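Under the UniProt record's numbering, the sequence shown has 56 at position 56, and the numbering climbs by one with no breaks.
Let me begin by presenting the structure, written as structure tokens, before commenting on it.
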Amino acid sequence: MDQNKFTSKEQIDLLQKMIVRTDGFHNYANTKSTIILTFIAAIIAAICTNINKALTYLESSDIDHVIVIFKILAFISIVLLCIALKIVLQTVIPFTEKSNTKNIYSFIDISAYYNSESNYINSFKSETEEEFINSLAALQYNLSTGLIKKYEKHKSAIEIMSYSLSLIFIDILIMFLA
């Protein structure tokens, strides 16, 4: 046996550890989604709560173009936050894309590739060790793909949220300078 290769038992053990680790990252990503959603909702609530006070304050300065700029920036900021909110909400939706190959290990693939319980049971019982390893590897790949998609959406939402916060900061400066 080639000493650089894993045994089947080692491959199964390693893949199971990788799946557990990736699943943990999925849980972390879901927690991160909740935190981002809460933060966006809080910013939107703060804007909606204080916009009338800010406009009343600015109207006392009688500088119409400043009020228009303030309103435009506030509107764009809210639109950006709504876009970020939509992106983050997509990360809360469970990742249910099936693997490219038949897989006995993933509940998504079981329901996608097997048309009955008995069909699945027969396939499971006749699974070879190599096929089982391939199932685990396919599951790990699919979980990793879903996780990367969540992280990319988190990144996009946070970037959009930072643009919105920049506009809010400009609005705050306008209030102080008006």
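Glycine included, each C-beta is placed from N, C-alpha and C at the ideal position.
From a predicted model like this one, the values you see are computed outputs, not experimental measurements.
Using C-beta distances below 8 angstroms, list every residue in its chain close to residue i, excluding the 5 sequence neighbours before and after it, in chain order.
i, result
"Tyr163", "Leu80"
"Leu167", "Leu73, Ala74, Ile76, Ser77, Leu80"
"Ile19", "Leu136, Leu139, Gln140, Leu143"
"Ile43", "Leu81, Met161, Ser164, Leu165, Ile168"
"Leu55", "Ile67, Phe70, Lys71"
"Ala29", "Thr91, Leu147, Lys150, Tyr151, His154"
Provide the residue span of the alpha helix (DSSP H) that contains residue i, from first to last.
i, result
"Thr91", "64-92"
"Thr101", "Note, Thr101: premise wrong, no alpha helix (DSSP H); not H, not E."
Between the beta-carbon of residue i and the beta-carbon of residue j, is there less than 8 angstroms?
i, j, result
"Ala138", "Ser99", "yes"
"Gln16", "Ile133", "no"
"residue 179", "Ile67", "No answer is possible for residue 179: it lies beyond the span of the chain, which begins at 1 and ends at 178."
"Ile63", "Ala178", "yes"
Quick one: what does DSSP say residue i is sitting in, helix, strand or coil?
i, result
"Asn27", "helix"
"Ser126", "coil"
"Phe95", "coil"
"Lys5", "coil"
"residue 216", "The structure shown does not extend to residue 216, since the chain is modelled only from 1 to 178, so the question has no answer here."
"Asn142", "helix"
Looking only at its chain, what residues have a beta carbon closer than 6 angstroms to the beta carbon of residue i, apart from the 5 residues adjacent to it on each side?
i, result
"Tyr113", "Lys102"
"Asp109", "Lys98, Ser99, Asn103"
Leaving aside the five residues before and after residue i along the sequence, list all residues of the same chain whose C-beta is less than 7 angstroms from its C-beta, in chain order.
i, result
"Glu129", "Ser8"
"Ser106", "Ser99, Leu139, Asn142"
"Phe25", "Leu147"
Are the stretch 84-100 and the stretch 148-158 touching, with three or more C-beta to C-beta distances below 8 angstroms?
Segment contact: the stretch 84-100 against the stretch 148-158, three or more CB-CB distances shorter than 8 angstroms; contact assigned.
Three or more C-beta pairs closer than 8 angstroms, one from the stretch 115-125 and one from the stretch 144-154: is that the case here?
Contact between the stretch 115-125 and the stretch 144-154 is absent, because fewer than three Cβ pairs lie under 8 angstroms.
Quick test of the definition: if touching needs 3 or more C-beta pairs under 8 angstroms, does the stretch 39-54 touch the stretch 140-149?
Not touching, per the Cβ criterion.
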